[in-house]
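Structure, as structure tokens:
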Amino acid sequence: MTFRRREMVEKLKLNGIADSRVLAAFLKVERHRFFDRESQEYAYEDRAYPIGYGQTISQPYTVACMTSLLVERSPAGKVLEIGTGSGYQAAILDALGYRVYTVERISALYEKAEMLFSILELSITCRSGDGTLGWPEEAPFNGIMVTAGAPHCPDSLLGQLALDGSLVVPIGEHGLQKMTVFQRKKDRFEKEVFNDFAFVPLIGREGWN
Ligand code: SAM
1 MTFRRREMVE KLKLNGIADS RVLAAFLKVE RHRFFDRESQ EYAYEDRAYP IGYGQTISQP
61 YTVACMTSLL VERSPAGKVL EIGTGSGYQA AILDALGYRV YTVERISALY EKAEMLFSIL
121 ELSITCRSGD GTLGWPEEAP FNGIMVTAGA PHCPDSLLGQ LALDGSLVVP IGEHGLQKMT
181 VFQRKKDRFE KEVFNDFAFV PLIGREGWN
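Sequential numbering of the sequence shown, starting at 1, is according to our numbering.
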């Protein structure tokens with residue numbers, strides 16, 4: 001598996017992922033641990049893979065793009081992920097040294113991820129609930145990452161960003177979103193819009209119905 005992980009990282013480099021901190025995290029985290037035993041052979045392919053309940057573990061390239069956008073702007077501190085899914089993205093953020101909080105809407109996925117974090121001895125804090133509302137008790141966050149497609153940016157999440165903190169969120173229609181970054185400045189939010197991606201929907205009070 002180590003060889004296959006190196007191959008995955010080489011492919012990420014060829015596809016333009018250049019941040020050495022991000023590449024090191026991808027080398028460190030064993031992606032196959034986030035797959036069921038019978039599907040581990042697919043763990044190092046550069047594609048999304050079903051994790052049950054109609055959800056997916058995102059493609060490594062997608063995880064690497066989102067992580068790079070965050071690390072370049074807000075390299076340290078406390079990070080909130082919305083959409084725990086398999087737990088892989090949270091583990092990548094943990095490997096980068098962030099203090100990671102993550103919220104998952106589907107309780108069965110939350111329970112599985114929580115168990116896995118404990119087995120892997122990762123100190124990631126997770127809970128089940130509607131992540132569009134953020135985690136007000138733990139705010140402010142230096143980074144927030146939404147790993148599901150949103151119709152617009154949830155105001156609650158913007159409100160939980162620390163000064164200079166960045167929010168990475170795919171925004172658009174079902175099946176096609178533009179990766180978008182908001183960075184909190186003293187008296188405004190700076191907005192940047194990047195490439196197209198396709199995520200499962202962000203469902204909740206400040207997301208899709
Ligand atoms: N980050 C995950 C990983 O590394 O495996 C992949 C995330 S998957 C593409 C999107 C996840 O967002 C799904 O598990 C879905 O249940 C979750 N989700 C959708 N709406 C949500 C919400 N309002 N709050 C929390 N999680 C949500």
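The C-beta atom is built at its ideal place from N, Cα and C for all residues, glycine as well. Given the structure is predicted, the values throughout are model-derived calculations rather than measurements.
*asked:* Per DSSP, what are the beta-bridge partners of LEU161 in this structure?
replied: For the purposes of this step, residue 161 is taken as the residue at position 161 of the sequence shown. Answer is PHE141, bridged to LEU161.
*Just to confirm, are GLY143 and LEU157 a CB contact at a threshold of 8 Å?*
Along the sequence shown, read from residue 1 onward, the residue named residue 143 stands at position 143. Along the sequence shown, read from residue 1 onward, the residue named residue 157 stands at position 157. No, the pair does not count as a contact, with Cβ atoms beyond the cut-off.
*Is GLN160 near the ligand SAM, in the sense that its beta carbon is under 7 Å from a heavy atom of that ligand?*
For the purposes of this step, residue 160 is identified with residue 160 of the sequence shown, where counting begins at 1. Relative to the non-hydrogen atoms of the ligand SAM, the Cβ of GLN160 never comes closer than 7 Å to any of them.
*Decide if the stretch 122–132 is in contact with the stretch 84–100; the criterion is three or more beta carbon pairs, one per stretch, under 8 Å apart.*
Short answer: they touch.
_If you measure between the beta carbons of ARG6 and LEU27, is that distance less than 8 Å?_
Mapped onto the sequence shown, residue 6 falls at position 6. Mapped onto the sequence shown, residue 27 falls at position 27. Yes.
*Between the Cα of GLY77 and those of ARG31, PRO140, THR102, SER39, spot the shortest distance and give me the residue it belongs to.*
Along the sequence shown, read from residue 1 onward, the residue named residue 77 stands at position 77. Across the set ARG31, PRO140, THR102, SER39, the C-alpha of PRO140 shows the shortest separation from the C-alpha of GLY77.
*So the alpha helix (DSSP H) TYR53 belongs to, where does it begin and stop?*
By one-based count along the sequence shown, residue 53 stands at place 53. Premise fails: TYR53 is in no alpha helix (DSSP H) and is neither H nor E.
*Tell me whether ARG37 sits in a helix, a strand or coil according to DSSP, three-state version.*
If you number the sequence shown from 1, residue 37 lands on position 37. Helix at ARG37.
_Does the beta-carbon of GLN177, which I'm using as the reference point, lie nearer than 7 Å to any heavy atom of the ligand SAM?_
Taking the first residue of the sequence shown as position 1, residue 177 is located at position 177. Within 7 Å of the C-beta of GLN177 there is not a single heavy atom belonging to the ligand SAM.
*Start and end of the beta strand (DSSP E) containing MET179?*
Against the sequence shown, residue 179 aligns to sequence position 179. Per DSSP, MET179 belongs to the beta strand (DSSP E) from 176–184.
_I want to check one thing, is the minimum distance from the CB of ILE106 to the heavy atoms of the ligand SAM below 7 Å?_
Taking the first residue of the sequence shown as 1, we reach residue 106 at position 106. Yes; taking the cut-off as 7 Å, the Cβ of ILE106 has a heavy atom of the ligand SAM nearer than that.
*Compare the C-alpha of LEU167 against each of MET66, PRO50, LEU116, GLN177 and name the closest.*
On the sequence shown, position 167 is the one that residue 167 refers to. Nearest C-alpha to LEU167 among MET66, PRO50, LEU116, GLN177: MET66.
_Nearest by alpha-carbon distance to GLN183: which of HIS174, GLY175, GLN160 is it?_
Within the sequence shown, numbered from 1, the residue matching residue 183 stands at position 183. Check the Cα spacing between GLN183 and each of HIS174, GLY175, GLN160: the tightest is with GLN160.
*Classify GLU10 as helix, strand or coil using the three-state DSSP reduction.*
Counted from its first residue, the sequence shown places residue 10 at position 10. GLU10 falls in the helix class under three-state DSSP.
*With DSSP as the reference, please indicate the residues paired to CYS126 in a beta bridge.*
Translated into the one-based positions of the sequence shown, residue 126 becomes position 126. DSSP output for CYS126 lists THR102 as bridge partner(s).
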